[in-house]
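Going by mature numbering (1 follows the signal peptide of the UniProt record, and there is no 0), the letters in the sequence shown line up with residues -18 to -1, 1 to 295, in that order.
Some notes on the structure that comes next.
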Amino acid sequence: MPTFLHLFVCAFLAMAVAQQKCNSGWTSGPDSCYILLDDHWFDDGPDQLAAQWSCDDVYSHLAEITSKEENDFLKSWLTAAINDSTEGVWVNGRNFRGWSWDYSDQKIVFSDWEDNPGTSGKCLSMSTKFGFSWVPEDCDKTKNMKFICEQDLCKQPMECFQGSCYTLHCSLHNAKLTDVYGYDDEPAPVTCPQGSLARIESKEENDFIMKFLNKSEDFVQTVWTAGYDEDGSYDQAGEWKWQGTDQAITGFTNWAPKDDSYDYHGYYNDDDYRGHDEGCIALSRADNWAWKDTECDDYYPVLCEEPDPSTSG
């Protein structure tokens, strides 16, 4: 028979996914966060490519609609949000060798096409005229167009190991841990909803985290930890520490091997991922979740750590 503590822990872990929150100004949907934007650089509105760039600027991608549940949610949301002269809303569908989603490079399976839209184009718009059903639109259309940006939420449940529980938060996107050029002496106040950014202090913990991250969605390619280079700058090394403590990273490490490859311009990389050129420690899927010295003002999902409630006093 389950004990009260067992039931509490199960409920605690089950809530971890539901606690994924959207940033201020964004709307929470079934599995993602959304924001409706136009582009002030254009008098009439953005074309689809400009919409994609604008979503990049807010650390997101142009929306991709993969289920009826998501489509129904967006149609209801847009109906309530738009009461002006907007003619259509860009999402990320394109038809160059068949209709597909441009960001994920996946074929469009679920669809909500209007039967007789009276338009023919290579880009996908949700039309106000047809109750936000889908229409093929000219990709260069700008007049009275808006667009939806999407930030993906992590759906991976919390897991616990040796007294700590770990959660991956994909919508925080605020992990600027310290300024690599020395304008700030202290880490910025990056916080997890519960606990703190993860500190990896043993091979056993690192191996567990690698297995945990391997279960994450494919879009999770780089993940922030609590590691940062105190007092480091672009051309001067400081000391690697864990954020929130005065503890130097002197024991276990798992730095990625030196990159002796060539980049796409044909230049020799000669990157040493344990150096101090960037200033913050991220984990990279491409390197089997090894540690990489990463530019601190890049925006990635955040690995959070908190005490295991089943072992805490």
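The beta-carbon is built from N, C-alpha and C at its ideal position, and this holds for glycine as well.
Ends of the beta strand (DSSP E) at residue i?
i: residue 141; result: 141 to 143
i: residue 212; result: 204 to 212
i: residue 129; result: 127 to 134
i: residue 275; result: 272 to 277
i: residue 70; result: 70 to 77
i: residue 289; result: 284 to 289
i: residue 85; result: Note, residue 85: premise wrong, no beta strand (DSSP E); not H, not E.
i: residue 261; result: 261 to 266
For residue i, which option in the options has the closest C-alpha, if you only look at C-alpha atoms?
i: residue 227; options: 181, 191 and 206; result: 181
i: residue 186; options: 40, 143, 51 and 203; result: 143
i: residue 274; options: 200, 63 and 204; result: 204
i: residue 139; options: 81, 150 and 263; result: 150
i: residue 289; options: 73, 146 and 103; result: 146
i: residue 38; options: 51, 80, 85 and 63; result: 85
i: residue 51; options: 12, 102 and 100; result: 12
i: residue 30; options: 62, 16, 77 and 61; result: 77
i: residue 81; options: 46, 175, 14 and 8; result: 46
i: residue 15; options: 32, 28 and 59; result: 59
i: residue 202; options: 152, 212 and 124; result: 152
i: residue 123; options: 137, 62 and 101; result: 101
i: residue 179; options: 237, 265 and 137; result: 265
i: residue 121; options: 174, 33 and 97; result: 33
i: residue 198; options: 263, 279, 148 and 236; result: 148
i: residue 237; options: 48, 280 and 188; result: 188
i: residue 4; options: 49, 99 and 174; result: 174
For residue i, does the count of other Cβ atoms within 10 angstroms reach 16, so buried, or fall short, so exposed?
i: residue 6; result: exposed
i: residue 283; result: buried
i: residue 223; result: buried
i: residue 71; result: buried
i: residue 196; result: exposed
i: residue 234; result: exposed
i: residue 239; result: exposed
i: residue 119; result: buried
i: residue 251; result: At residue 251 the pLDDT is 45, less than 50, meaning the model places this residue with poor confidence and gives no usable figure here.
i: residue 268; result: exposed
i: residue 61; result: exposed
i: residue 229; result: exposed
i: residue 74; result: buried
i: residue 207; result: buried
i: residue 211; result: buried
i: residue 293; result: exposed
What is the C-beta distance between residue i and residue j, in whole angstroms, given that I count them as a contact (C-beta under 8 Å)?
i: residue 21; j: residue 10; result: Residue 21 to residue 10, Cβ: 24 Å. No contact.
i: residue 231; j: residue 209; result: 6 Å
i: residue 141; j: residue 194; result: 5 Å
i: residue 57; j: residue 92; result: About 13 Å separates the two Cβ atoms, so there is no contact after all.
i: residue 177; j: residue 286; result: 5 Å
i: residue 191; j: residue 271; result: 7 Å
i: residue 128; j: residue 18; result: 6 Å
i: residue 27; j: residue 125; result: 6 Å
i: residue 87; j: residue 53; result: No, residue 87 and residue 53 are not in contact; Cβ-Cβ is about 20 Å, not under 8 Å.
Start and end of the alpha helix (DSSP H) containing residue i?
i: residue 186; result: 185 to 196
i: residue 61; result: 50 to 63
i: residue 35; result: 30 to 39
So is residue i in contact with chain C if we call contact Cβ pairs under 8 Å?
i: residue 50; result: Here chain C cannot be found, since the structure has a single protein chain.
Problem set entry | At least 3 beta-carbon pairs within less than 8 Å: the stretch 58 to 73 vs the stretch 97 to 113 | yes
Exercise. Quick check: the stretch 36 to 51 against the stretch 126 to 135, are there 3 or more CB pairs under 8 Å?
Worked result: yes
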